[in-house]
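Worksheet: one structure, shown below.
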Amino acid sequence: MPVPFQLPPAPRCFVSREDELAALDGWSLLVVSGPGGVGKTSLALRWLHDRRTEFPDGQLYVDLGAHTPDGPVPPETVLEWFLHALGVPDVPESLAVRQAMFRSATAGRAFAMLLDNAASAAQVRPLLPAAGTVVVTSRWRLSPLGIEGARFVEVEPLGLKDSVRLLDMIIKDDRTSTEPDAAGELARLCGGLPVALSVVGARLSARPRRSLGRELSELRDDRLPEL
Numbered sequence: 159m160p161v162p163f164q165l166p167p168a169p170r171c172f173v174s175r176e177d178e179l180a181a182l183d184g185w186s187l188l189v190v191s192g193p194g195g196v197g198k199t200s201l202a203l204r205w206l207h208d209r210r211t212e213f214p215d216g217q218l219y220v221d222l223g224a225h226t227p228d229g230p231v232p233p234e235t236v237l238e239w240f241l242h243a244l245g246v247p248d249v250p251e252s253l254a255v256r257q258a259m260f261r262s263a264t265a266g267r268a269f270a271m272l273l274d275n276a277a278s279a280a281q282v283r284p285l286l287p288a289a290g291t292v293v294v295t296s297r298w299r300l301s302p303l304g305i306e307g308a309r310f311v312e313v314e315p316l317g318l319k320d321s322v323r324l325l326d327m328i329i330k331d332d333r334t335s336t337e338p339d340a341a342g343e344l345a346r347l348c349g350g351l352p353v354a355l356s357v358v359g360a361r362l363s364a365r366p367r368r369s370l371g372r373e374l375s376e377l378r379d380d381r382l383p384e385l
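Structure below.
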């Protein structure tokens, strides 16, 4: 049977989150929740990549599309993708039969799944395998999955110090240390959200002569609502 490794790459710039990473250990069903841009997927990817050797039978990934224009991906579609990835050539139409085939294909296997951007517990429940570790990310807590024994981990925005650390890691020069006040204000305006910090950091990395003060001024004047 094929061994799929579908996970996106681990985040190159990652700070803090020691408590959240530790909270994920020892559970087979994990729900990582928090506001958009807070770094839920990055946290899940960091944890799964660090434990790749624990999943010799593969790692499955899907973006469940909770926030896409086309809407959430139906469970029967996801099961079709997963069954093909596991080497099942002919997938029946029935959702119930696909669920049964998926449980049979995953029984006794040491593998992991990342179900990213889930819309609801009802979308996730048909995708749960017979074995393995499942990590779900969502902007909602998906508390009904507690019936299945889920561990719930809330992800909060980064604090100011860690936000500046992440900005410094992305920029890769000494601007955060030479302009500490501007760096702190940039971090504050980004609200501790790694996605926003990554956008600002990428802009500054591509413009090595741009001061943090200038970036801060433009962010305040023109781009803060967009960011």
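For the sequence shown, the working numbering assigns the number 385 to the last residue and increments by one with no breaks. Yeah, the Cβ is synthetic: ideal placement off N, Cα and C, and Gly gets one too. The structure presented is a predicted model; accordingly, all values stated were derived computationally and were not measured.
| Asked | Found |
| --- | --- |
| Residue 312 beta carbon less than 8 Å from that of residue 223 | no |
| Residue 160 beta carbon less than 8 Å from that of residue 243 | yes |
| Closest by C-alpha distance to residue 255, when choosing among 233, 372, 267, 196 | 233 |
| Proximity winner among 321, 362, 282, relative to residue 273 (alpha-carbon distances) | 282 |
| Reduced DSSP category for residue 259 - H, G, I as helix; E, B as strand; rest coil | helix |
| Three-way DSSP call (helix, strand, coil) for residue 220 in this model | strand |
| Close Cβ partners of residue 356 (< 8 Å) along its chain, the five nearest in sequence each way excluded | 171, 324, 328 |
| Segment contact, 8 Å Cβ cut-off, at least three pairs: the segment 255-266 with the segment 174-192 | no |
| Sub-8 Å separation of residue 269 and residue 215 beta-carbons | yes |
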